[in-house]
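Just below is one structure, and these are the notes that go with it.
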Amino acid sequence: MSIQGIRSFGNRDQDTQVITFFSPLTVIVGPNGSGKTTIIECLKYMSTGIMPPGAKTGGAFVHDPKVAHDTEVRGQIRLLFQDVTGHNVQVQRTLVATQKKSSISLRTLEGIIIREGVNGEPIQITSKCIELDREMVTAFGVSTAILENVIFCHQEESN
Numbered sequence: 003m004s005i006q007g008i009r010s011f012g013n014r015d016q017d018t019q020v021i022t023f024f025s026p027l028t029v030i031v032g033p034n035g036s037g038k039t040t041i042i043e044c045l046k047y048m049s050t051g052i053m054p055p056g057a058k059t060g061g062a063f064v065h066d067p068k069v070a071h072d073t074e075v076r077g078q079i080r081l082l083f084q085d086v087t088g089h090n091v092q093v094q095r096t097l098v099a100t101q102k103k104s105s106i107s108l109r110t111l112e113g114i115i116i117r118e119g120v121n122g123e124p125i126q127i128t129s130k131c132i133e134l135d136r137e138m139v140t141a142f143g144v145s146t147a148i149l150e151n152v153i154f155c156h157q158e159e160s161n
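In structure tokens form, the structure reads like this:
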């Protein structure tokens with residue numbers, strides 16, 4: 003998975019962070035504010051299309067345009083995984099936060115999914131959010147309800 007322009011992950015190309023997950027387990031450790039929760043929230047957003055609590059109001063999920071000294075910041079997450087059939091799938095979701103006079107607006111751009119075709123050739127599909135969410139559920143072979151409430155239960159909702 004690669005993260006750019008999300009929360010404390012910078013929005014320039016050289017700020018892109020790549021996280022490799024290992025089987026059967028990857029442990030995410032670090033001090034407060036280092037991005038552990040952001041990594042999990044990115045995985046949830048990529049899997050379900052559901053943003054973290056409060057992200058839609060004020061654009062709290064995308065890197066702050068004021069911090070970037072810009073009026074617009076693009077946040078991008080890419081995820082490469084194998085689907086339930088063993089084929090490689092690459093998914094990209096892009097968000098744009100725009101600084102208005104007194105608030106930040108957040109919009110989602112079309113997502114991209116690249117699947118491995120029958121002969122191994124890549125097949126690229128651009129998709130609206132809801133279609134991409136359905137594709138992800140199919141690729142994982144798990145319902146959105148299970149992803150949202152069991153696998154990605156937010157730390158504030160776990161008590």
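In our numbering, the protein residues as written are 3 to 161.
Note that CB positions come from ideal geometry on N, CA and C, so glycine has one too.
Note that the structure is a prediction, hence the values are computed from the model and not measured.
Per-residue burial, residue i [other beta carbons within 10 Å of its own, 16 or more giving buried]
i: residue 43; result: buried
i: residue 27; result: exposed
i: residue 23; result: exposed
i: residue 143; result: exposed
i: residue 51; result: buried
i: residue 13; result: buried
i: residue 109; result: exposed
i: residue 107; result: exposed
i: residue 6; result: buried
i: residue 79; result: buried
i: residue 8; result: buried
Beta-bridge pairing of residue i - partner residues as DSSP gives them
i: residue 108; result: 99
i: residue 119; result: In the DSSP output, where bridge partners are listed per residue, residue 119 has none listed.
i: residue 4; result: 20 and 80
i: residue 133; result: In DSSP, residue 133 forms no bridge with anything.
i: residue 87; result: DSSP lists no partner for residue 87.
CA nearest to the CA of residue i, picked from the options
i: residue 77; options: 97, 46, 32 and 87; result: 97
i: residue 87; options: 12, 20, 140 and 5; result: 140
i: residue 149; options: 119, 46, 18 and 103; result: 46
i: residue 91; options: 10, 145 and 118; result: 118
C-beta contact flag for residue i and residue j at 7 Å
i: residue 67; j: residue 99; result: yes
i: residue 63; j: residue 57; result: yes
i: residue 95; j: residue 113; result: yes
i: residue 18; j: residue 36; result: no
i: residue 93; j: residue 125; result: no
i: residue 138; j: residue 10; result: no
DSSP-derived helix/strand/coil call for residue i
i: residue 152; result: helix
i: residue 11; result: coil
i: residue 128; result: strand
i: residue 139; result: helix
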